[in-house]
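Written below as structure tokens is the structure these notes are about.
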Amino acid sequence: MEGNRRPSNGKRQQENPSRQRRPARAAGASQINYIQPYPAQRTRRAEPESVYRGNARPVQSIRRRRARRRREFLCKAVIVLFVVACLAMIYTITGRIYQMVHRNTEEKPLPVMSEQSFDDLEITKDGIAPPKIVQDFLEINEYSRPGDKLGTINNIFVHYTANPGTSAAQNRSYFANLAETHERSDSAHLIIGYEGELIQCIPFDEQAYAVMTRNEDSLSIECCYLSDDGSFTQETYDTLIHTLAWLIDKYDLTTADILRHYDCGGKLCPLYYAENESAWDQLRQDVEMYLAQSGK
């Protein structure tokens, strides 16, 4: 009996330890699982998100704001460009309407008289022949040829164009264009070019817009020039002396009646002779000499 029990006891002894260990391991595993602080770990992991007090912005929100700002900037830029384009269009249309309103229905060329020789114009009582004059009268307009009659002539004013290098024809065109541009009122009876050519823009019995307070009783001569100091070329100077001598003899004046624009209002015109008094005195003396040589 004992022999039969021992094997069974031995088997039980072999089986019991394993059975005893398994519950122990299971019990140990359950104890370990029980004491693991899962809630504490979860709390610690979640703690940074719940405790952080900074000004955090989600990346997606920042991108949306940047995109919105870009759209707003583009909208503003488009609006500004549209307004500028509208203003430019209005300016262009207004200019064209102005031109259409003020443009004559038929473009009429300015009258140009044939070139006059010495014999065609009046020779003074003392035998002074007129200079070679090309009569190219302006059309009557309120900006360069008012058409008002000139009374007695008491003085002759000498001017300079204040635009070096321009010819007599170019300055005559400038006077003519004032009727279209309305830039200012300006003109002269005569223009002497830097090569000595002489153009008459206004008849001697009409007023010119030359000296504001003396247009009613004076004639005016514009002189072209090349030098920066305003001095005249020899050709301009010679024609001026001849013209002045002829005019003062024609209208019973003296060299004392020859004035600079500078002498009425203080404007530095003609520049060279306003800044050089001795040169102006010499000019008057040269007119006297021309008259003397002509027999006066």
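Numbering-wise, the sequence shown is residues 146 to 441 according to my numbering.
Every residue gets a Cβ at the ideal spot worked out from N, C-alpha and C, and that includes glycine.
Quick caveat, the model's predicted, so the values are computed rather than measured.
In terms of Cα proximity to W391, the closest of S423, I366, R405, C414 is I366. Going by C-alpha positions, N316 is about 14 Å away from V279.
Going by C-alpha positions, L428 is about 8 Å away from I386. Nearest neighbour of E340 by Cα position, chosen from R329, A355, L323, P309, turns out to be P309.
G411 and N300 have their C-alpha atoms spaced approximately 16 Å apart. By the C-beta density criterion, N322 is exposed, having fewer than 16 other C-beta atoms within 10 angstroms.
With the rule of 3 Cβ pairs closer than 8 Å, the stretch 339 to 358 counts as touching the stretch 274 to 292. In this structure, the CA atom of A355 is about 16 Å from the CA atom of H327. Cβ-Cβ separation between L436 and D397: approximately 12 Å, too far for a contact (criterion under 8 Å). Going by C-alpha positions, I285 is about 16 Å away from N360. Exclusion of the five residues before and after S376 leaves Y370, Y417 as the residues of its chain whose Cβ lies within less than 7 Å of its Cβ.
Within the model, the alpha-carbon separation for I268 versus P348 is close to 17 Å.
Using a Cβ distance threshold of 8 Å, S289 and S332 count as a contacting pair.
Comparing C-alpha distances from V303 to each of R214, S372, Y382, E433 shows the shortest one belongs to Y382. Secondary structure at E422: helix, using DSSP grouped into helix, strand and coil.
Here the C-alpha atom of A313 lies approximately 23 Å from the C-alpha atom of L295. Boundaries of the beta strand (DSSP E) harbouring S363: 363 to 368, taken from the DSSP string. In the three-state reduction of the DSSP assignment, I337 falls in the strand class.
Scanning its chain for C-beta atoms nearer than 7 Å, with the 5 sequence neighbours on each side dropped, one finds around T399 the residues I393, in chain order. Among the bridge pairs identified by DSSP, Y319 is matched with none.
Around the CB of Q352, 16 or more other CB atoms lie within 10 Å, so the residue is classed as buried.
Out of I403, T306, D350, the CA that lies nearest to the CA of I337 is found in T306. Here R209 has no same chain residue with a Cβ atom under 6 Å from its own Cβ, once five neighbours each way along the sequence are excluded. The C-alpha of D374 is placed about 16 Å away from the C-alpha of Y407.
Per DSSP, reduced to three states, the secondary structure at R213 is helical. It is roughly 9 Å from the alpha-carbon of L413 to the alpha-carbon of R405.
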